[in-house]
Amino acid sequence: MVLVRVKALDRKTITQLLVVLIIFSLLPFVLGFNTYYIYLAAQVVLTAIMALAWNIIGGYAGQLDLAATAYLGIGGAISGLLLAFYKITPWIGMPLGALAAIGLAVMVGYPTFRFGIKEVWYALLTASLVVIIQRIFWLIYGSTEIYLPYFEWSWYYLRFGRYEPLYYMLVVMLVFVLWLNIVIKRSKLGYYLAAIREDELAAEALGIDVRKYKLYALMIYAGILGFVGGIYVSLTSIVTYRMFNPWLAIVIAVIGLVGGLGSIAGVLTAAVILRSIEEYLRGTLGATIPGLYLLIYGLLIVLVGVLKPEGLGGLIESIRRRFRGGSYG
856 MVLVRVKALD RKTITQLLVV LIIFSLLPFV LGFNTYYIYL AAQVVLTAIM
906 ALAWNIIGGY AGQLDLAATA YLGIGGAISG LLLAFYKITP WIGMPLGALA
956 AIGLAVMVGY PTFRFGIKEV WYALLTASLV VIIQRIFWLI YGSTEIYLPY
1006 FEWSWYYLRF GRYEPLYYML VVMLVFVLWL NIVIKRSKLG YYLAAIREDE
1056 LAAEALGIDV RKYKLYALMI YAGILGFVGG IYVSLTSIVT YRMFNPWLAI
1106 VIAVIGLVGG LGSIAGVLTA AVILRSIEEY LRGTLGATIP GLYLLIYGLL
1156 IVLVGVLKPE GLGGLIESIR RRFRGGSYG
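In this text, residue positions in the sequence shown follow the working numbering: the first is 856, and each later residue adds one.
Have a look at this one:
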């Protein structure tokens, strides 16, 4: 049975994807190709990719997964270490990183879903996974920062003297993950996941294999993060245990919740706004009021929970209805 059938997208959706592509492609020109700002913009786009990948397992399937950086770090470590030690191109390392991340997801997800571990315990389990993987990496390599070899301009090794090529790779990945979210949401897999999110028992009663489809969603999510981890490590030029950042994994889930479970436009908007605010506060008030962005995150969660439980996606949908336009969903 075909779960995800790629159909021709309607004109509005194609237009929306093109608008996203154009806006992010023009951003370096707006920033004057400033190296520091391009790097920050790349971090924002990376966060958006991670949040949209999380939307597949968290938004569609309703699983509060807190292991995003475990999969990102695994992919980045494999791609980076292969390049640093064996001069193997990331074009091989990134698919291998994606496969490793998928393998890790299956190792964790299969027994978890098989034995019906509930939401809170699943969240704790996945949060612990990040710490465990980080500690294992630290035991092997310690606090050593493994630097990638320098090349002034090499597409083969994804090493450049500037950030723009990697930024545009991330933009292409962003549009791809947006497209994938749309395709999944409109497919049988998307309908099954929505049913599982709303009521697992009812979904099982309808004949939906809950464990199998949750595992599919987890594998897609992990595979995306494992692949993009290779771009991330090329961007930072360092392989380190800090790639397995437990806080960032929580931030990704917060962005998904603030954006609205299952809302593609809401998650994208939340990722761009929240990560931009975080970087701005770090750069301006980080020295005088450290951790201010943490307070902002906390306040936003409270405000969204009280005023708009369906997240930014609900707000965007309300605005869309007023103007009778299209949306990502």
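Yeah, the Cβ is synthetic: ideal placement off N, Cα and C, and Gly gets one too.
Cut-off 7 angstroms between Cβ atoms - residues of its own chain near residue i, not counting five sequence neighbours on either side
{"i": "residue 1044", "result": "858, 859, 1068 and 1071"}
{"i": "residue 1025", "result": "897, 900, 901, 904 and 1086"}
{"i": "residue 953", "result": "930, 1078, 1081 and 1082"}
{"i": "residue 1163", "result": "1169 and 1170"}
{"i": "residue 1161", "result": "none"}
Under 8 angstroms between C-beta atoms of residue i and residue j
{"i": "residue 1028", "j": "residue 1086", "result": "yes"}
{"i": "residue 1099", "j": "residue 949", "result": "no"}
{"i": "residue 924", "j": "residue 1101", "result": "yes"}
{"i": "residue 1166", "j": "residue 1131", "result": "no"}
{"i": "residue 916", "j": "residue 1052", "result": "yes"}
{"i": "residue 1156", "j": "residue 1112", "result": "yes"}
{"i": "residue 886", "j": "residue 892", "result": "yes"}
{"i": "residue 1114", "j": "residue 1104", "result": "no"}
{"i": "residue 1005", "j": "residue 1014", "result": "yes"}
{"i": "residue 956", "j": "residue 926", "result": "yes"}
{"i": "residue 883", "j": "residue 1019", "result": "yes"}
{"i": "residue 958", "j": "residue 1094", "result": "no"}
{"i": "residue 1050", "j": "residue 1035", "result": "no"}
{"i": "residue 1116", "j": "residue 914", "result": "yes"}
Sequence-distant residues of the same chain with beta carbon closer than 6 angstroms to residue i, five excluded per side
{"i": "residue 1096", "result": "989, 992 and 993"}
{"i": "residue 964", "result": "1070 and 1073"}
{"i": "residue 912", "result": "918, 920, 1072, 1073 and 1076"}
{"i": "residue 1108", "result": "921"}
{"i": "residue 1106", "result": "none"}
{"i": "residue 904", "result": "1028, 1029, 1032 and 1083"}
{"i": "residue 1136", "result": "1147 and 1148"}
{"i": "residue 1047", "result": "1063 and 1068"}
{"i": "residue 996", "result": "none"}
{"i": "residue 960", "result": "1073, 1074 and 1077"}
Three-state secondary structure (DSSP) of residue i
{"i": "residue 970", "result": "coil"}
{"i": "residue 869", "result": "helix"}
{"i": "residue 1014", "result": "strand"}
{"i": "residue 1118", "result": "coil"}
{"i": "residue 1143", "result": "coil"}
{"i": "residue 883", "result": "helix"}
{"i": "residue 983", "result": "helix"}
{"i": "residue 1165", "result": "coil"}
{"i": "residue 910", "result": "helix"}
{"i": "residue 1100", "result": "coil"}
{"i": "residue 1185", "result": "Only positions 856 to 1184 of the chain appear in this structure, which leaves residue 1185 out of reach."}
{"i": "residue 1042", "result": "coil"}
{"i": "residue 1036", "result": "helix"}
{"i": "residue 942", "result": "coil"}
{"i": "residue 896", "result": "helix"}
{"i": "residue 948", "result": "helix"}
{"i": "residue 922", "result": "coil"}
{"i": "residue 888", "result": "coil"}
{"i": "residue 988", "result": "helix"}
{"i": "residue 953", "result": "helix"}
{"i": "residue 1138", "result": "helix"}
{"i": "residue 1063", "result": "coil"}
{"i": "residue 928", "result": "helix"}
Bridge partner(s) assigned by DSSP for residue i
{"i": "residue 1093", "result": "1002"}
{"i": "residue 1008", "result": "1015"}
Spatial neighbours of residue i in its chain, beta-carbon cut-off 8 angstroms, leaving aside the 5 residues before and after
{"i": "residue 967", "result": "977 and 980"}
{"i": "residue 947", "result": "937"}
{"i": "residue 875", "result": "1029, 1030, 1033 and 1123"}
{"i": "residue 880", "result": "1023 and 1026"}
{"i": "residue 1059", "result": "1065"}
{"i": "residue 878", "result": "none"}
{"i": "residue 1140", "result": "1147"}
{"i": "residue 932", "result": "952, 992, 1084, 1088, 1094 and 1098"}
Top-ranked residue by Cα proximity to residue i, from the options
{"i": "residue 1002", "options": "1089, 1017 and 1021", "result": "1089"}
{"i": "residue 972", "options": "1055, 875 and 1123", "result": "1055"}
{"i": "residue 1138", "options": "890, 895 and 870", "result": "895"}
{"i": "residue 1110", "options": "1091, 1159, 1092 and 1140", "result": "1159"}
{"i": "residue 1172", "options": "1010, 984, 1121 and 959", "result": "1121"}
{"i": "residue 825", "options": "1144, 1175 and 1039", "result": "This structure gives no information on residue 825, because the portion of the chain shown stretches from 856 to 1184."}
{"i": "residue 1092", "options": "1177, 1016 and 969", "result": "1016"}
{"i": "residue 987", "options": "1161, 928, 1050 and 1041", "result": "928"}
{"i": "residue 984", "options": "962, 1140 and 1161", "result": "962"}
{"i": "residue 942", "options": "1000, 998, 1011 and 910", "result": "1011"}
{"i": "residue 865", "options": "1176, 1041 and 1153", "result": "1041"}
heavy atom of the ligand ATP below 7 angstroms from residue i C-beta
{"i": "residue 1005", "result": "Summarising the ligand content, the structure contains no ligands, and the ligand ATP is consequently not present."}
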